[in-house]
Structures are given as C-alpha cells and as structure tokens.
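Worksheet for the structure shown next.
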Amino acid sequence: MSDQHIDPTLLRGLVNRRLGRRNVLRAAGIGATAAGLAACGVKGKATGKPTQAPDQVAKFWAGKVAGTHIDFANWPLYMDPKHPELKKFTEQTGMSVTYKEVINDDAEWFAKIRPQLAAHQSIGYDLMVMTDGVEFQECVELGFYAPLDHSKLTNFAANAAPKYKVESFDKNNVYSAPWASGITGIGYNPKYVKTPPTGMHDLLNPAYRGKVGMMSDTQEIGNFAMMALGITPETSTATDWQKAAQWLTDQRNSGVVRSYYDQDYISHLANGDVWISMSWSGDIFQQNASSGSNLKFVIPSEGGTLWTDNMVIPITAANPVGAMQLIDFFYDPAIAASLAEYINYITPVPAAQAVISADAAAASGDDKAALEMVASSALVFPSASDYAKLHYYRNFKTPAEHQQYQAIFNPIVTS
Amino acid sequence: MTTGRLRARLIPYLTILPGGLWLIVFFVVPMIAMLSLSLQLGDVVHGFQQVWHWQTYTTSISAYRSQIIRSFEYGIASTLLQIIIAYPIAYWIAFRGGSRKSFYLFLLLLPFFVSFVLRTVSWNFILADNGIVLGTLKNLHLLPQGYHILATSTAVVGGLTYNYLPFMILPIYVALERVDPRLVEAAYDLYATRVMAFRKVILPLSIPGIFAGVVITFVPVSSDYVNAHILGGPTSTMIGNVIQNQYLNTQDYPTASALSFVLMAILLIGVFAYARALGTEEALEVAAR
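These protein sequence lines map, in sequence, to chains A and B.
For reference, each letter of the first sequence is one residue, going 45 to 459 in my numbering.
For reference, each letter of the second sequence is one residue, going 3 to 291 in my numbering.
Have a look at this one:
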C-alpha cells in the first residue's frame with residue numbers, strides 16, 4: 045500500500061474498536077486494584093510459568109465436558125449488535141452465548157481479573173479478548189490462560205493465516221487465537237495539514253507547533269519513536285529505548301506536542317485542536333463515518349504498529365470446552381467473513397476474502413459497493429509487503445524488563 | 003445497679019460501632035495494607051515481598067517532585083479562585099435570596115446530576131481552539147490565531163475550580179446564613195458604613211465557612227487527576243495522574259502507594275498547619291458540621 049494518499053475507501057478496513065479504549069476514567073480499575081491490594085497484594089502472588097508441554101494440555105482438558113452456556117467478554121463495537129454469528133453458533137451446538145462488551149482497556153481489565161484468577165476463582169467468563177501487550181504476557185506468566193487443545197481446533201488449523209501461527213507473543217498459539225488485528229499510524233486533518241504526511245518527521249514539523257497529538261500509551265509511543273529512529277521495536281534493547289525516549293523528549297521540548305492522549309485524541313483531531321496525531325486507523329474510519337469528518341490515515345514510511353486482539357480462555361472458565369468450540373467456529377471462513385464485513389478489521393482468516401467477494405457479487409446497490417470495498421481493502425486483507433512494513437510491540441521477557449521500559453517512557457507521558 | 007450503669011457506659015461505644023467498623027474495614031485495614039505495600043519490592047508476576055525498602059519514598063519523591071509541587075500550586079491557585087468566585091455567590095444567596103434561597107441552592111447542585119467526567123469533557127467542546135468561544139473571538143480578531151486554552155495549566159486550574167466550586171459555596175453560604183441580621187443592624191446603628199459592617203461583622207463571622215470550604219476542596223483538588231488528564235497538556239501532569247498511571251499502567255504498586263502516602267502526609271500537615279494558623283478549634287467544628 046502506498047505511504048501517502050491511502051484511498052479513503054481502504055479505510056473501510058479499519059473500524060472503531062478502540063472507542064472507549066484507554067478510557068478517560070479508570071476509576072473502576074483503580075477500585076478493583078485497591079480491592080485486590082487489600083485482599084492479597086501485600087503477600088504478593090508468585091507463580092511459576094506453566095509448562096507448555098502436551099501433558100499440560102492433556103492435564104487441563106482431562107475430564108472436561110461441554111457445558112450448555114458460554115459467557116464471552118469482548119471490546120465494544122467488535123461484533124454486529126444483533127450477534128448473527130453467535131445465533132448461528134447456538135443453532136449448531138445448542139449452546140447459548142452471553143456476549144458482553146466489558147473490556148475497554150487491557151490494563152484496566154487485567155486489574156479487574158487478576159485478584160480472582162490469582163485466587164483461582166471464576167471471573168464469570170469462559171472466553172475473553174486481549175491485546176498482545178504487556179498484560180497478555182503477564183497473564184501467560186501467571187498461568188491465567190488455559191492451554192488450547194489444538195486437536196479440537198480443526199477450522200483454525202485449516203484456515204488461520206500462517207503468519208498468525210508463528211507470532212512471537214504466543215508462538216504456536218499455545219494459549220490464544222487471534223480475533224482481529226489493526227494498525228497504529230498517523231492520522232491527520234487535511235483541512236489544516238495541506239501536505240499529506242509521509243513519515244515520522246511530520247510529527248516533528250515546527251509548522252504544527254502545539255498541534256501534534258501523541259498517545260499516552262508507553263508501548264505505542266515507544267514503538268513509534270523506535271521506528272522513527274530505524275530501530276526494530278521487537279528486538280530493541282534498553283539502549284534503544286533510551287534513544288527513543290530522547291527522541292520523544294526532544295519532540296516534547298520543541299513544543300509541537302499538544303498533549304499525550306488516550307482515545308480522546310480522535311475528537312481533538314476532528315475539531316481542529318490537533319492537526320496530526322498518532323492514530324488507530326479504526327478510529328479514523330469511525331470518526332468519518334459518524335461525524336462526516338474527512339480525516340485521513342497513513343502508515344508512516346518507517347512503519348506502523350500491528351496489534352492483534354486474541355481470544356483466550358481464562359483458566360477458571362466454567363465451560364472451556366464450549367469456549368474452544370466457539371474459537372474454532374470463528375475460523376469458519378463464512379463466519380470470519382460475516383464478522384469482517386461488519387467490523388472491517390484485519391481478519392486472521394484469508395479465505396474470508398473469497399466469501400466476501402462472493403457476497404458482494406450477490407449483493408446490489410450500496411451493500412455491494414461496501415462489500416467490494418471490504419474485499420479489496422488492503423487494511424482488511426494486507427499483502428505480504430504491507431505486513432513487512434508493520435512492527436509488533438516489544439515483547440518483554442521478564443517483568444524487570446517491563447519495569448525498565450516503563451521507567452524510561454513513563455516520565456515522558458507524565459511530565 | 004452496676005449492670006445498668008455498665009450498660010449506660012457501653013451505649014456510646016455501641017453507637018459508634020457501625021461507623022467504627024466501617025472505618026476499620028474500609029479505611030484502616032486498606033491503609034495498613036498500602037503502607038506495607040509501599041515498602042515492598044517485586045513485580046505483579048512474581049509477587050511483592052516485604053523488604054522494608056524505604057528508598058521507594060526517596061526515589062519516587064525525587065523522580066516526581068515537580069509533579070508534587072505542581073499539584074499544590076494548582077491546588078492553591080484553584081482554591082483561591084474558588085473563594086473569590088464563591089463568596090459573592092454565597093453572599094448574594096444568603097442575603098438577597100429571599101424566599102427563593104432553596105431554589106438557588108438547588109440550581110447550584112443541579113450540575114451534579116450530570117457525570118463529573120462528562121462535565122469536564124464538555125469543556126473540550128466549549129473551549130476547542132476553533133470552537134464556539136475561541137473560534138468566535140479569533141474571527142473577531144480579538145485573539146491571535148494560535149491562541150489556545152486547552153492543554154495548558156490555565157485549563158486545568160479552570161477545570162478544577164469549576165468542578166469543586168459548589169463545595170466552596172455551600173459552607174460559606176451556611177456561615178453567612180447564620181449571621182444574625184441584628185448584628186449587622188447594630189453595626190449600622192453604631193454608624194458603620196456598609197464596607198465597615200462587612201469587614202468588621204460579616205466577614206469575621208463567615209471565616210469558619212471559608213475555612214470549611216478550603217478544607218473540603220483543597221484536598222480533592224490537589225489530588226485530582228481527571229482535570230489534568232482531560233484538559234491538560236504535555237507538562238501539566240498532577241501527582242494524581244502519576245499515581246493512577248503507576249497503579250494501572252506500570253503496575254508499580256509500591257511506588258504508587260508511596261506517592262499516595264507522601265501526598266496524604268503533605269495534605270494532612272498542610273491542613274493542620276492551616277487550622278493552627280487560623281487558630282480556632284471552632285473552625286474545625288464548623289468544618290465538621
């Protein structure tokens with residue numbers, strides 16, 4: 045895909061999942077954390093990394109039988125509100141599914157579920173969706189995820205894109221199966237930014253003094269600054285982080301940065317408070333669709349961040365067998381297509397493209413145009429060269445490494 | 003009659019039992035847990051061990067000194083602004099409100115039926131760079147094009163003042179409402195001018211109200227994080243934001259706990275020093291009312 049002038053129709057590929065994400069107020073999370081501290085925080089909870097050996101899988105699944113009901117926790121606006129896919133699942137299996145949009149932020153969600161999972165109590169969900177960030181890793185290390193039994197995941201084996209089977213955050217999908225992916229790049233308001241941005245240097249342009257939006261998420265800004273410096277985030281070292289932090293500090297001291305935003309950058313971008321900003325592509329699409337704004341999105345020439353939201357089964361799930369059937373169900377190309385048609389995110393099932401094209405051929409009018417856009421969108425079905433430009437978050441090997449990273453980038457967003 | 007006397011002596015303790023238990027369970031125990039946590043070391047995966055690591059306090063204070071100082075600067079600025087704005091309003095309602103006093107008080111509390119966050123976020127709309135206020139002024143060439151209020155310290159202090167103003171107005175109103183009009187009449191009878199009557203009679207009698215208002219607002223204003231988050235810029239972070247960030251994003255619970263205690267200690271010392279300076283136990287009693 046071209047660095048500049050991304051066809052607006054391609055932006056169909058990116059739907060707002062992040063609405064409400066990085067919520068302005070994390071009071072609920074704080075409350076839960078405080079409760080957690082009072083309950084067990086003082087003692088701490090040391091848990092070894094669970095082995096990923098097959099016997100671990102056998103041990104977990106031994107004697108587990110399918111229940112009649114599944115509780116599914118997901119992010120807002122991540123499925124057609126009529127839940128057609130879940131209805132089909134219920135028809136096929138007889139299992140009812142309660143779908144709740146309760147996850148707004150990985151850190152907040154982690155703070156909520158940690159005390160229960162640490163005490164090996166139910167969190168009330170059999171399946172949940174978590175981003176491949178720090179909290180995902182911590183859940184793995186704390187043994188909060190049930191190991192998947194791949195002998196039962198036949199659709200996944202047949203239809204998941206090969207690249208999703210080797211992703212570093214969960215190699216061989218021991219614990220997780222992707223729900224959808226999206227891209228962090230540069231969004232801008234063409235009313236104020238006359239020359240379309242092409243790369244990270246546009247975030248330093250003195251002409252945009254006080255009008256550049258940056259994200260407050262340390263993983264996001266760290267990745268961006270490293271890409272700006274030509275550092276590969278996945279293999280970066282503490283020295284690289286220092287350099288990236290310096291880049292960000294210089295940027296802030298130069299006075300171009302308006303603020304470090306959570307998800308609220310998007311409304312500031314739309315009303316002209318911010319002209320150019322680090323953006324989640326889906327937000328740009330959703331903002332244009334909902335308010336008639338004409339925001340644009342580019343993937344910087346240096347690269348963008350590819351994140352993946354993953355289905356995982358909490359270790360204390362009441363119906364893990366059913367949850368795994370549901371995971372596999374979403375890897376049926378027809379179901380994956382139906383989901384992608386609505387959410388317009390990168391689907392982990394390449395075969396869905398043919399299904400969407402077929403649906404488009406059968407449809408007419410606006411529906412036809414919309415479906416054709418989805419089927420041809422490089423942001424729903426990126427090519428290999430598109431993927432080559434995208435980077436993942438830095439995967440922390442140890443909590444100490446994570447703390448070191450945070451200690452370097454936190455002072456930038458909280459100064 | 004000893005059992006009767008014993009019972010009589012127990013009754014006061016029994017009456018504070020529900021409140022006392024509440025305080026112990028939801029205040030004292032979490033406080034101790036947090037104090038303990040602030041001295042531990044570790045991480046969320048391997049757990050935190052008690053090692054009496056007092057250095058957390060010194061390192062976190064030196065790392066976030068500017069945010070701590072800034073929080074109190076904002077707190078003082080906002081509290082002073084609140085007094086300046088609240089006093090005339092409270093005065094007007096108390097002395098000119100007539101039969102509609104309760105209606106005016108209701109109007110004051112009306113915004114509380116809207117979520118705190120929503121009210122703060124709406125300032126983003128009102129004060130947008132090209133929005134209804136600044137956009138109009140810029141079009142009239144009354145403001146330079148690059149001017150903005152959002153993402154500055156002014157916006158944060160303004161937001162803090164706006165959000166906590168009713169908590170300043172109400173205690174001042176209560177104090178003014180209690181001023182015996184006959185005292186003011188007496189002042190006039192003794193040839194006091196209106197200004198003198200205000201200075202010598204009304205103002206001194208309303209000091210306990212101002213005191214209570216300051217105590218009620220200064221503490222939450224200084225530890226607020228919502229306003230700085232929603233209205234602030236890259237260099238207007240308050241200590242509340244740092245604590246929130248340490249808890250939820252970094253999961254560095256010891257630093258967050260230590261900073262919470264530092265904040266609490268400074269606030270307690272500040273409030274007690276302030277009470278001393280005003281020199282009245284009476285004032286504290288009014289604050290408690």
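The beta carbon of each residue, even a glycine, is placed where N, CA and C say it ideally should be.
These numbers come from a predicted model, not from an experiment.
_Suppose you measure from the CA of A:Ile310 to the CA of A:Val256; what does that come to, to the nearest Å?_
Within the first sequence, residue 310 of chain A is the residue found at index 266, counting from 1. Within the first sequence, residue 256 of chain A is the residue found at index 212, counting from 1. Across the structure, A:Ile310 and A:Val256 are spaced so that their CA atoms are roughly 12 Å apart.
*Just curious, the beta strand (DSSP E) that A:Gly254 is in, first and last residue?*
Taking the first sequence and counting its residues from 1, one reaches residue 254 of chain A at position 210. Per DSSP, A:Gly254 lies in no beta strand (DSSP E) and is assigned neither H nor E.
*Hey, which unbroken runs of the alpha helix (DSSP H) at 4 residues or more fall wholly within the segment 218-248 of chain B?*
Along the length of the segment 218-248 of chain B, whole alpha helix (DSSP H) runs at least 4 residues long occupy 228-233, 241-247, reported in chain order.
*Express the C-alpha separation of A:Gln448 and A:Phe374 in angstroms, rounding to a whole number.*
Indexing the first sequence from 1 puts residue 374 of chain A at position 330. Indexing the first sequence from 1 puts residue 448 of chain A at position 404. Distance between the alpha carbons of A:Phe374 and A:Gln448 is about 38 Å.
_A:Asp115 and A:Thr137 closer than 7 Å at C-beta_ = Within the first sequence, numbered from 1, the residue matching residue 115 of chain A stands at position 71. Within the first sequence, numbered from 1, the residue matching residue 137 of chain A stands at position 93. No; because the gap between Cβ atoms is not below 7 Å, this pair is not in contact.
_Ranges of the alpha helix (DSSP H) found wholly within the segment 232-310 of chain A, counting only runs of at least 4_ = Under the rule that a run must span 4 or more residues, the alpha helix (DSSP H) segments found entirely inside the segment 232-310 of chain A read 262-272, 282-297.
*Exposed or buried, what is A:Leu370 when buried is set at 16 or more other beta-carbons lying within 10 Å of its beta-carbon?*
Residue 370 of chain A sits at position 326 when you count from the first residue of the first sequence. It counts as buried.
*Cβ pair count under 8 Å reaching 3, the segment 154-174 of chain B against the segment 200-219 of chain B*: These segments touch.
*Leaving out the 5 sequence neighbours to the left and right, which residues in its chain are closer than 6 Å to A:Lys412 when beta-carbon positions are compared?*
Locating residue 412 of chain A in the first sequence gives position 368, counting from the first residue. Within the same chain, A:Lys412 has close Cβ partners Ala404.
_For A:Thr198, the first and last residue of its enclosing beta strand (DSSP E)_ = The sequence position of residue 198 of chain A within the first sequence is 154, counting from 1. For A:Thr198, there is no enclosing beta strand (DSSP E); the residue is part of the alpha helix (DSSP H) that begins and ends at 198-203.
*For A:Ala155, decide whether its Cβ has a neighbour in chain B, counting only Cβ atoms nearer than 7 Å.*
Mapped onto the first sequence, residue 155 of chain A falls at position 111. Any Cβ of chain B closer than 7 Å to the Cβ of A:Ala155 would place that residue at the interface, and such an atom is present.
_the segment 193-207 of chain A contacting the segment 245-252 of chain A, beta-carbon criterion three pairs below 8 Å_ = Using a C-beta cut-off of 8 Å, the segment 193-207 of chain A makes no contact with the segment 245-252 of chain A, since fewer than three inter-stretch Cβ pairs fall below that distance.
*Apply the 10 Å Cβ neighbour rule to A:Arg70 and answer buried if 16 or more other Cβ atoms are within range, or exposed otherwise.*
In the first sequence, residue 70 of chain A corresponds to position 26, counting from 1. Confidence at A:Arg70 is low in this model, with a pLDDT of 38, below 50, so its placement is unreliable and the value that follows should be read with caution. By the 10 Å Cβ count, A:Arg70 comes out buried.
*Enclosing beta strand (DSSP E) for A:Val318 [first to last residue]*: As a first step, residue 318 of chain A must be located in the first sequence, where it is residue number 274. No beta strand (DSSP E) contains A:Val318, which DSSP labels as neither H nor E.
_Using the Cβ count rule (16 or more neighbours within 10 Å means buried), how would you classify A:Ala162?_
By 1-based counting over the first sequence, the position of residue 162 of chain A is 118. Buried is the call here.
*Taking only beta-carbon atoms, is A:Gly358 less than 7 Å away from chain B?*
The sequence position of residue 358 of chain A within the first sequence is 314, counting from 1. Here the sequence assigns Pro to residue 358 of chain A, which means Gly is not the residue at that position. Among the CB atoms of chain B, none fall inside 7 Å of the CB of A:Pro358.
*DSSP-derived helix/strand/coil call for A:Val31*: What the structure shows of chain A is the stretch from 45 to 459, and residue 31 of chain A is not part of that stretch, so it cannot be assessed.
_Nonlocal neighbours in the same chain, by C-beta distance under 7 Å from B:Ile13, ignoring five residues either side_ = On the second sequence, residue 13 of chain B is found 11 positions in, with the first residue counted as 1. Excluding five sequence positions before and after B:Ile13, none of the CB atoms of its chain fall closer than 7 Å to its own CB.
*What does a CB cutoff of less than 6 Å around B:Leu19 pick up in its chain, not counting 5 residues either side in sequence?*
Taking the second sequence and counting its residues from 1, one reaches residue 19 of chain B at position 17. For B:Leu19, same chain residues with a beta-carbon under 6 Å away, outside a window of 5 residues either side, do not exist.
*asked:* I want to verify the contact list: residues of chain A whose CB lies under 9 Å from the CB of B:Asn132, in sequence order.
replied: By 1-based counting over the second sequence, the position of residue 132 of chain B is 130. Here the neighbours are Asn315, Gly316, Asp317.
*Would you tell me roughly how many angstroms separate the C-alpha atoms of B:Gly133 and B:Ile87, rounded to the nearest one?*
Residue numbering aside, residue 133 of chain B sits at position 131 when the second sequence is read from its first letter. Residue numbering aside, residue 87 of chain B sits at position 85 when the second sequence is read from its first letter. Looking at the two C-alpha atoms, the distance is approximately 25 Å.
*Could you tell me whether the Cβ of A:Val301 comes closer than 7 Å to any Cβ of chain B?*
Counting from 1 along the first sequence, the entry for residue 301 of chain A is found at position 257. Closer than 7 Å to the CB of A:Val301 there is at least one CB belonging to chain B.
*Can you find a C-beta in chain B that's less than 7 Å from the C-beta of A:Phe374?*
One-based indexing of the first sequence puts residue 374 of chain A at position 330. Put simply, the CB of A:Phe374 is far from chain B, with every gap to its CB atoms at 7 Å or more.
*Under 7 Å between beta-carbons, which chain B residues line up against A:Ser459? List them in chain order, please.*
On the first sequence, residue 459 of chain A is found 415 positions in, with the first residue counted as 1. Residues of chain B passing the Cβ test: Pro236, Thr237, Thr239.
*For A:Arg296, count neighbouring C-beta atoms within 10 Å of its own C-beta (all shown protein chains included) and say buried if the count is 16 or more, exposed if not.*
Translated into the one-based positions of the first sequence, residue 296 of chain A becomes position 252. The C-beta of A:Arg296 has 16 or more other C-beta atoms within 10 Å across all chains shown, which makes the residue buried.
*Would you grab the beta carbon distance between B:Ala230 and B:Asn243 for me? Rounded to a whole angstrom, and I think it's under 8 Å.*
Residue numbering aside, residue 230 of chain B sits at position 228 when the second sequence is read from its first letter. Residue numbering aside, residue 243 of chain B sits at position 241 when the second sequence is read from its first letter. B:Ala230 to B:Asn243, Cβ: 5 Å. Contact.
*Can you list, in chain order, the residues of the segment 440-453 of chain A whose Cβ is nearer than 9 Å to any Cβ on chain B?*
Residues are counted here when their Cβ sits less than 9 Å from a Cβ of chain B; for the segment 440-453 of chain A these are Thr442, Pro443, Ala444, His446, Gln447, Gln450, Ala451, given in chain order.
*Would you tell me roughly how many angstroms separate the C-alpha atoms of A:Ala79 and A:Ser166, rounded to the nearest one?*
Start at 1 with the first residue of the first sequence, and residue 79 of chain A comes out as number 35. Start at 1 with the first residue of the first sequence, and residue 166 of chain A comes out as number 122. Confidence is the limiting factor: at A:Ala79 the pLDDT is only 44, short of 50, which leaves the residue's position unreliable, though a coordinate-based value still follows. Their backbone Cα atoms lie some 16 Å apart in a straight line.
*Could you give the uninterrupted runs of the alpha helix (DSSP H) lying entirely in the segment 25-113 of chain B, keeping only those of 4 residues or more?*
DSSP runs (the alpha helix (DSSP H)) wholly in the segment 25-113 of chain B: 31-40, 57-65, 67-98, 103-111.
*Chain-ordered residues of the segment 256-272 of chain A with a beta carbon less than 9 Å from chain B*: Contact annotation: in the segment 256-272 of chain A, residues whose CB is within less than 9 Å of a CB in chain B are Met258, Ser260, Asp261, Thr262.
*Any Cβ of chain B within less than 7 Å of the Cβ of A:Leu186?*
Taking the first sequence and counting its residues from 1, one reaches residue 186 of chain A at position 142. Answer yes: the Cβ-Cβ gap between A:Leu186 and chain B drops below 7 Å somewhere.
_Cut-off 7 Å between Cβ atoms - residues of its own chain near A:Asp284, not counting five sequence neighbours on either side_ = Counting from 1 along the first sequence, the entry for residue 284 of chain A is found at position 240. Excluding residues within five positions, the ones whose Cβ falls inside 7 Å are Met270, Ile275.
*Taking all protein chains shown into account, decide if B:Val116 is buried (16 or more other Cβ within 10 angstroms of its Cβ) or exposed.*
The residue you call residue 116 of chain B lines up with position 114 of the second sequence. Of the residues assessed, B:Val116 falls on the exposed side of the cut-off, its CB having fewer than 16 other CB atoms within 10 angstroms.
_Can you find the residues in the same chain that come closer than 7 Å, C-beta to C-beta, to A:Val68, ignoring five residues on each side of it along the sequence?_
Counting from 1 along the first sequence, the entry for residue 68 of chain A is found at position 24. Annotation note: pLDDT 31 at A:Val68 (below 50); position unreliable, coordinate value reported separately. Cβ neighbours of A:Val68 beyond the five flanking positions: Asp306, Asp308.
_To the nearest angstrom, how far is the alpha carbon of A:Asp246 from that of A:Ser323?_
Residue 246 of chain A sits at position 202 when you count from the first residue of the first sequence. Residue 323 of chain A sits at position 279 when you count from the first residue of the first sequence. Using only the alpha carbons, I get a separation of about 14 Å.
*Assign A:Asn354 to one of three DSSP states: helix, strand, or coil.*
For the purposes of this step, residue 354 of chain A is identified with residue 310 of the first sequence, where counting begins at 1. DSSP, read as helix, strand or coil, puts A:Asn354 in strand.
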